Amino acid sequence: MNANIPDNDVSIEYYDSDYPSPDGPFPENVDEITEYQGVAHDVARYLEIARETGGPVLELCCGTGRVALPLARAGFAVTAVDVSAGMLAALHKKLTAEGALPVTPVRQDITQLELERRDFPLAIIGFNSLPCIPDFTLQRRALAAIARHVAPGGLLVIDAINLLSLPLSGDPVPKPFFTRRNVHSGNTYTRFALIGAMDAEQRQRLHGWYDESDAAGAVRRRHYSLLWRPIARFELQLMLEGAGFEIVSLEGGHRGEAFGAGSPRMFVRARRTDPAPVR
């Protein structure tokens, strides 16, 4: 997430409801919108790739553990990195409730990543996390930092929105995105979304609000705002090559879909070349 988002930001409270897992308290949250969001099939694909590479796994921008926990349950040791203390607090709570799992949470900004281990066979930066670093230079810096922690021949997997699928002029009319249950309160809420126009630095403002209704019918409205910088297909290739990676495969989704201009996602597997890029 954006490094400057407060640890008590409303987006953290709603994160596990906005991006639900099948093992969450409200199965109905895993609705047809999760396919559009890009969280319906990604975990299964990460598990498949991890079985090919072996562990341990380095997950960047891990959030509350939506990917890290299933990997750990499957037996893979995971170093889970995030800059947000609020996100990591939620992950710690889940780890405490679930018992011993091989997950090591680390609070760091991935653009300045410095871990003792430098030979991970697999690194994952999933679900639009790279675009959520809304600065070209910092995106490149993050990829270079990740490269220093991946073994020669190891894989980096990136899941990012396809820039060509976005309304570049934005969508300023607020629309209800979905209605779900808040996993913390149990209340029903509706998320409304707007998209700002893309600026000269290739950034867009994603913003809107949550309307949550309690048992008495009272509605609480809370606003959110996020800046991101989507990346074009060949721009990403050049960024990866500059960081010391070569693309092995580029797909348009999580189930092997061919990539095209209309694909919703860029699912990239990139191999670390040897030697690592000079810092």
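Taking the working numbering, the leading residue of the sequence shown gets 99, the next gets one more, and so forth. From the three backbone atoms N, C-alpha and C, an ideal C-beta is built for every residue, glycine too. Every value quoted in this text rests on a predicted model; they were computed, and no experiment measured them.
Can you give me the C-alpha to C-alpha distance between residue i and residue j, rounded to a whole angstrom?
i: ASN127; j: ASP114; result: 10 angstroms
i: THR194; j: PRO168; result: 15 angstroms
i: ASP312; j: ARG216; result: 48 angstroms
i: ARG370; j: SER227; result: 19 angstroms
i: SER323; j: THR151; result: 37 angstroms
i: ALA242; j: MET337; result: 9 angstroms
i: ARG319; j: PRO125; result: 24 angstroms
i: VAL255; j: ALA314; result: 46 angstroms
i: PRO340; j: LEU334; result: A quick correction: the sequence has Gly, not Pro, at residue 340. C-alpha separation (whole angstroms): 10 angstroms.
i: SER119; j: LYS191; result: 16 angstroms
i: VAL204; j: ALA178; result: 6 angstroms
i: TYR308; j: PRO123; result: 20 angstroms
Pull up the CB-CB distance for residue i and residue j, whole angstroms please, since I reckon it's below 8 angstroms.
i: THR209; j: ILE223; result: Contact doesn't hold; Cβ gap of about 12 angstroms is too wide.
i: ASP207; j: VAL165; result: Contact doesn't hold; Cβ gap of about 19 angstroms is too wide.
i: PRO276; j: ILE131; result: Note that residue 276 corresponds to Phe in the displayed sequence, not to Pro. Confirmed, Cβ separation roughly 5 angstroms.
i: ALA359; j: GLU344; result: The pair is not a contact, with the Cβ atoms about 23 angstroms apart (cut-off 8 angstroms).
i: GLY161; j: ARG363; result: The Cβ separation is near 18 angstroms, so there is no contact.
i: LEU158; j: ALA245; result: With a Cβ gap of about 12 angstroms, LEU158 and ALA245 do not count as contacting.
i: ALA188; j: ASP105; result: Not really, about 11 angstroms apart at Cβ, beyond 8 angstroms.
Leaving aside the five residues before and after residue i along the sequence, list all residues of the same chain whose C-beta is less than 6 angstroms from its C-beta, in chain order.
i: LEU261; result: PRO328 and ALA330
i: PHE174; result: ALA148, GLY153 and VAL155
i: PRO219; result: THR151, GLY152, ALA249 and GLY252
i: PRO200; result: ALA170 and ALA175
i: GLY268; result: ILE293, GLY294 and ALA295
i: LEU266; result: MET296
With a threshold of 6 angstroms (Cβ to nearest heavy atom), would residue i be considered close to the ligand SAH?
i: SER263; result: Judged by which ligands are present, the structure shown has none, so any question about the ligand SAH falls away.
Since residue i sits in a beta bridge, which residues does DSSP pair it with?
i: MET296; result: None; MET296 has no bridge partner.
i: LYS273; result: ALA291
i: ILE329; result: DSSP lists no partner for ILE329.
i: PRO203; result: ALA178
i: THR286; result: ARG279 and SER311
i: VAL346; result: Answer by DSSP bridge pairing: none, since VAL346 is not bridged.
i: TYR144; result: Its beta-bridge partners do not exist; DSSP assigns none.
i: ASP257; result: PHE365
Count the other CB atoms, across all protein chains shown, that sit within 10 Å of the CB of residue i; report buried if there are 16 or more and exposed otherwise.
i: ALA316; result: exposed
i: SER109; result: buried
i: HIS352; result: buried
i: GLU214; result: exposed
i: VAL346; result: exposed
Go through its chain and collect everything with a Cβ distance to residue i's Cβ below 8 angstroms, but skip five positions before and after it.
i: ALA380; result: Here the chain covers residues 99 to 377 and nothing more, so residue 380 does not appear.
i: ARG143; result: HIS352, ARG353 and PHE365
Going by beta carbon distance, what residues of the same chain come within less than 7 angstroms of residue i, once the five residues before and after it are set aside?
i: PRO75; result: Residue 75 lies beyond the residue range present for the chain, which begins at 99 and ends at 377; the question has no answer from this structure.
i: PRO229; result: ALA258, ILE259, TRP326, ARG327, PRO328 and ILE329
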